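Numbered according to the working numbering, the sequence shown spans residues 133 to 398.
Backbone N, C-alpha and C fix where the C-beta goes; we use that ideal spot for every residue, glycine too.
A quick note: this is a predicted structure, and the numbers were derived from the prediction, not measured.
The structure appears below as structure tokens.
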Amino acid sequence: MSQILLIGYGAIGQYVYRHLAQTSHSRVAQVLCRQGRQTEVRRLLGEGVSCVTDEASMIDSIELVVECAGHSAVHQHLPALLASGRDVISVSGGAMADVELEQRLRQSALSGGSQLKLLSGAIGSLDALSAASVGGLDKVVYRGRKPPQGWKGSAAEQRLDLDALSAAEVFFKGTARQAALVFPKNANVAAAVALAGIGLDNTMVELVADPFMKANRHEVEAAGTFGCLNFAIEGNPLPGNPRSSALTAMSIVREIERRNAAIAIG
Numbered sequence: 133m134s135q136i137l138l139i140g141y142g143a144i145g146q147y148v149y150r151h152l153a154q155t156s157h158s159r160v161a162q163v164l165c166r167q168g169r170q171t172e173v174r175r176l177l178g179e180g181v182s183c184v185t186d187e188a189s190m191i192d193s194i195e196l197v198v199e200c201a202g203h204s205a206v207h208q209h210l211p212a213l214l215a216s217g218r219d220v221i222s223v224s225g226g227a228m229a230d231v232e233l234e235q236r237l238r239q240s241a242l243s244g245g246s247q248l249k250l251l252s253g254a255i256g257s258l259d260a261l262s263a264a265s266v267g268g269l270d271k272v273v274y275r276g277r278k279p280p281q282g283w284k285g286s287a288a289e290q291r292l293d294l295d296a297l298s299a300a301e302v303f304f305k306g307t308a309r310q311a312a313l314v315f316p317k318n319a320n321v322a323a324a325v326a327l328a329g330i331g332l333d334n335t336m337v338e339l340v341a342d343p344f345m346k347a348n349r350h351e352v353e354a355a356g357t358f359g360c361l362n363f364a365i366e367g368n369p370l371p372g373n374p375r376s377s378a379l380t381a382m383s384i385v386r387e388i389e390r391r392n393a394a395i396a397i398g
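Rendered as structure tokens:
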């Protein structure tokens, strides 16, 4: 049975933990949480799973690391974990907008003989986009459309009065790298699209606050040698946390299952 270190135990981490507890191929052996959350996380976990606050306390039997704690966790923990030879699954692709961090992660994975797998998270179609990039892409546009409350706590509040919107407003246009740096908690999807296609500096992004939306909508347009692609998805949040995409949590479980399957798709 594969032993997993889970970084983060918020809504996504708890979803992953519950689903893996029902499998025979993998188990969460340790949870890495930030300082100050140990007591709460230990209470939620119960017996059989230890909670640590740094990668130095990781047990030797850990084979796979799953990160679902955000960009700060990527900075703080992933270079050392990759250098130790453990593969890492991450849903924080927006962290790759930091050129220095991206180089550190790449070098750590090369030196450790490991791999960092960035998941599609809240969006689909990235397998097709990645395949299309082989033949050459001319254009990739990502559009993120959320209800106003979905942008609260972000830089959108400095550009719009989110409580007073009566129509949809585009409040950001730029590259995926710019979006990931300005909206680090909201642009992981944009970064995933960019990394699957033509890169952070060539992928264009539009971010929209729409008072008529009830769910988060992600749209991808692409054109190239392969033809053209238009994809859209409206994702539901995880119960109890409107900021966490249910599909993001599901994509983690799916990737772990794929790694352990006799026949894998995608």
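Applying the criterion that 16 or more other CB atoms from any shown protein chain within 10 Å of the CB defines a buried residue, is T171 buried or exposed? Translated into positions along the sequence shown, residue 171 becomes position 39. Flag for T171 reads exposed.
When the Cα atoms are used, what is the spatial distance from N392 to L196? Taking the first residue of the sequence shown as 1, we reach residue 392 at position 260. Taking the first residue of the sequence shown as 1, we reach residue 196 at position 64. Approximately 12 angstroms between the Cα atoms of the pair.
For P371, count neighbouring C-beta atoms within 10 Å of its own C-beta (all shown protein chains included) and say buried if the count is 16 or more, exposed if not. Within the sequence shown, numbered from 1, the residue matching residue 371 stands at position 239. Burial call: exposed.
Proximity winner among H157, G285, I384, relative to V223 (alpha-carbon distances): Here the question's residue 223 lines up with position 91 in the sequence shown. Answer by Cα proximity: I384.
Counting C-beta neighbours from all protein chains within 10 Å, is the total for S165 16 or more, i.e. buried, or is it exposed? Your numbering for residue 165 matches position 33 in the sequence shown. Contrary to the premise, residue 165 reads as Cys rather than Ser in this sequence. With 16 or more other Cβ atoms within 10 Å, it is buried.
Sequence-distant residues of its chain with Cβ nearer than 6 angstroms to K305 (five each side left out): Within the sequence shown, the letter at position 173 stands for residue 305. Taken in chain order, the residues that qualify are E338.
How many angstroms separate the CA atom of H330 from the CA atom of S265? In the sequence shown, the residue the question calls residue 330 occupies position 198. In the sequence shown, the residue the question calls residue 265 occupies position 133. Here residue 330 is Ile; the residue named in the question, His, does not match the sequence. One C-alpha to the other measures close to 7 angstroms.
Just mark C200 as buried or exposed, buried being the case when its beta carbon has 16 or more other beta carbons within 10 Å. Numbered from its first residue, the sequence shown carries residue 200 at position 68. C200 comes out buried.
Whole angstroms is fine: what's the gap from R175's alpha carbon to L213's? In the sequence shown, residue 175 corresponds to position 43, counting from 1. In the sequence shown, residue 213 corresponds to position 81, counting from 1. In a straight line, the C-alpha of R175 is about 26 angstroms away from that of L213.
Could you pull out every unbroken alpha helix (DSSP H) segment of at least 4 residues lying fully inside the region 142-193, listed in chain order? 143-152, 170-177
Residues in its own chain within less than 7 angstroms of L237 by CB, not counting five upstream and five downstream? Counting from 1 along the sequence shown, the entry for residue 237 is found at position 105. Excluding residues within five positions, the ones whose Cβ falls inside 7 angstroms are L210, P211, L214, L248.
Can you tell me whether V223 is helix, strand or coil according to DSSP? Looking up residue 223 in the sequence shown gives position 91. Coil at V223, not helix or strand.
Which stretch, first to last residue, makes up the beta strand (DSSP E) that contains M228? Within the sequence shown, the letter at position 96 stands for residue 228. Here M228 belongs to no beta strand (DSSP E), and DSSP marks it neither H nor E.
Identify which residue in G245, R169, E179, N334 has its Cα closest to the Cα of D186. Taking the first residue of the sequence shown as 1, we reach residue 186 at position 54. Of the candidates G245, R169, E179, N334, the one whose C-alpha sits nearest the C-alpha of D186 is R169.
Can you tell which of A355, S257, V163, V220 has its C-alpha closest to the C-alpha of G245? Within the sequence shown, numbered from 1, the residue matching residue 245 stands at position 113. With distances taken between Cα atoms, G245 lies closest to V220.
Cutting at 7 angstroms between CB atoms, please list the residues of its own chain near G217, excluding the five before and the five after it. Here residue 217 refers to the residue found at position 85 of the sequence shown. The answer, listed in chain order, is G244, G245, S246.
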